[in-house]
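Protein chains in written order, with this note's numbering: chain P, 1440 to 1634; chain R, 9 to 587. All C-beta atoms in this analysis are idealised placements derived from N, C-alpha and C, irrespective of residue type, glycine included. See below for the structure under consideration.
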């Protein structure tokens, strides 16, 4: 066993330096040179201010914005410092209660809309930072958002259609809408109409 | 079930088999010392390292020396990861000034990464410095995987050789696997991931000005940063599974879109599948590798489809409350609690099956929120010993142990001395096989029993009723089988769980690995018996059925009582909720 002490220390140190220092630094160097935007977090810059990341959802609760998925991140929703889901089991009464509350608040914000609510709009995402909702979940909110902003329903519906991200080859992935990008486009339209 | 749910799974499997074949042959070349000699630079680099280490690369050892090497290397690795966490506040690359990790959590994480489990008791983005992530955790992602491959290849040598006292040189196997197999694959994959939006930087966390007020009333959102892609790549390739962030591969910075999700699933399957071809190549009969692969594939596909079916069917509670759970062209429907919109149901169920069929434990959805029978699948795949592809190395040696059991049972039935690949399977081999097969169920069931009896165990449970029991059973199944995924509602970052699961992970890894090396040594020493008319062929459909039969027999006999108390009761209750 003593004869193994030198091999274990030398081999461990060599592999640790190679895979733990050289490897991540080389990858970072190439990544920053070739894919600077992606490596840095796919940030959205507006008027010289970083206003978010295309990949990280933000909290929207006002009726004039499209709302994202319910978020269970630590301390408060859409907190990237504590990603995670609710981890509620399917028969947990707290899950049923939460879904009921979410459906009630969607209905309260949009009286008269009695359509069934798309399930992804009332269930918490896995990361709590989900930047997307399903196309159905966006369509569901069009009337409310249009009313809150005094925009024609068709114009808002058009925006959703423009931001629709379809299945690749019709088979891979899910049809989604990026909530932050949709809301940014919405602000833009609202400004134009306001002028 | 729709084509859209099935096709991506078949595509990723087919691609992994297609690429696994040449890779498997390459791995055989590397570990037989053929590949290194192709490059002068490699040869010189290796020679310098071996000289400093005092190793003669030409000198092989017996199984005991090999096992001591593995154990010493793992102990040193665990100590290093432990110390790094305990000192991180004074070390560089800690822009958020994270404090030193607590003793019990450091112990758990050190064992977790060294045993290729990568159970996460901690939340990465609020606990671990960049240095701890890359020099502590990611290094183990590489070397624990390389250790698994080395042990699997040592076992293959046991079959391939005859009247030999040695099974290889662990230091050489380890070094070559890391440098020539894992490192290049990880580099390419990391860059692919970055090109799709996985982050890779050493920046401090970035404050952004959100357009609408956030939950605390301010417009500030703070984005966690870090060298994620380099770690993500080896996390999947090495079937490790420890995420940079708490949400693991569900986090958009770890897994931003459909393509990265596909790449990650492919990467998980690649090496475990490749090793079946390494096996075929090294024992000189490709059909033997195909037979093992076929057994793995049948187990995997059937269980994956069960999960996909029940997740798409969804939770009747949600539908009753007024949620639309149907699948259409505009929404995934089904049970979307704990799933990401971009993955929907199909890619989440598939990922859950892949991550537990192998010993990965990365997650792109929260398994705790799966439907009862949807969540049964990942749990059962782990309990089968993770042999349906399995971890890198550990999957193949686990499955070969079941092959030995299968031929032994068949031998008893027809009254002949069991043989596998020309080696007589005798008393010593069967003793070691029994130890290896019974070790993890013992760890899992005793661990679960202790947790449900102890007050400090019960206090961690998050969900009421049968699901709470499932959380405990899942935790010990995951630790004992070195998976690392969780029914994450369980509050496991407590001294009780950090210690109990730490011990379970250590025993689950080495209580299997050492008997496997003993079998390798015993087989290598045997003479090769010639094939006769009475030899059971181990490359046909009959053998595949025998193999699957032994896996299911052991898995079902061991775990059905426990499973009945968890997911099965819960399913019955859920059906009872229907009007």
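Restricting attention to R:484, R:147 and R:181, the CA atom closest to the CA of residue 514 of chain R is found in R:484. Counting along the chain, the unbroken beta strand (DSSP E) around residue 1490 of chain P starts and ends at 1488 to 1492. Exposed is the label assigned to residue 192 of chain R, since fewer than 16 other Cβ atoms lie within 10 Å of its Cβ. For residue 1571 of chain P, the uninterrupted beta strand (DSSP E) run begins and ends at 1571 to 1573, by DSSP. In the DSSP assignment, residue 230 of chain R falls within the beta strand (DSSP E) that extends over 228 to 231. In the three-state reduction of the DSSP assignment, residue 424 of chain R falls in the coil class.
At a cut-off of 9 Å between C-beta atoms, residue 133 of chain R counts as an interface residue with respect to chain P. By the Cβ neighbour-count rule, residue 54 of chain R is buried, with 16 or more other Cβ atoms within 10 Å of its own. Within the model, the alpha-carbon separation for residue 383 of chain R versus residue 49 of chain R is close to 49 Å. Per DSSP, residue 189 of chain R lies in no beta strand (DSSP E) segment and is marked neither H nor E.
Under the 10 Å beta carbon count, residue 67 of chain R is surrounded by fewer than 16 other beta carbons and is classified as exposed. Judged by DSSP in its simplified three-state form, residue 408 of chain R adopts helix. Residue 69 of chain R is bridged by DSSP to R:176.
Judged by DSSP in its simplified three-state form, residue 98 of chain R adopts helix. Under the Cβ criterion of 9 Å, residue 1602 of chain P is not counted among the residues facing chain R. Listed by position along chain P, the residues whose Cβ is nearer than 7 Å to that of residue 179 of chain R are 1446 and 1450. Between the C-alpha atoms of residue 1461 of chain P and residue 1477 of chain P there is a straight-line separation of about 21 Å. Counting only runs of 4+ residues, the alpha helix (DSSP H) found wholly inside the stretch 346 to 415 of chain R occupies 354 to 365 and 380 to 391, in chain order.
The beta carbon of residue 352 of chain R lies closer than 6 Å to those of 340 in the same chain, with the five residues before and after it left out. Where residue 1613 of chain P is concerned, there is no enclosing alpha helix (DSSP H), because DSSP gives it neither an H nor an E. Among the residues of the stretch 246 to 259 of chain R, those with a Cβ less than 7 Å away from any Cβ of chain P are 253, 254, 255, 258 and 259, in the order of the chain. Within 10 angstroms of the beta-carbon of residue 1561 of chain P lie 16 or more other beta-carbons, which makes it buried. Contacts between residue 1607 of chain P and chain R, judged by CB atoms closer than 7 Å, involve 266 in chain order. Residue 215 of chain R: member of the beta strand (DSSP E) spanning 214 to 217, first to last residue.
For residue 502 of chain R, no CB of chain P lies under 9 Å from its own CB, so it is not counted at the interface with that chain.
Three or more Cβ pairs closer than 8 Å define a contact, and the stretch 490 to 507 of chain R meets that threshold against the stretch 110 to 120 of chain R. In the assembly as shown, residue 97 of chain R is an exposed residue. Its beta-carbon has fewer than 16 other beta-carbons within 10 Å. A Cβ-Cβ separation of about 13 Å leaves residue 149 of chain R out of contact with residue 276 of chain R under the 8 Å criterion. For residue 317 of chain R, no CB of chain P lies under 9 Å from its own CB, so it is not counted at the interface with that chain. Just so you know, the alpha carbons of residue 512 of chain R and residue 455 of chain R end up roughly 7 Å apart. At the C-beta level, residue 419 of chain R and residue 544 of chain R come within 9 Å of one another.
DSSP, read as helix, strand or coil, puts residue 260 of chain R in coil. Taking 9 Å as the cut-off, the Cβ atoms of residue 1495 of chain P and residue 261 of chain R count as close. A Cβ of chain R is located within less than 9 Å of the beta carbon of residue 1465 of chain P. A direct Cα-Cα distance of roughly 49 Å separates residue 427 of chain R from residue 206 of chain R.
Residue ranges of uninterrupted beta strand (DSSP E) with 3 or more members, entirely inside the stretch 1488 to 1531 of chain P and ordered along the chain, are 1488 to 1492.
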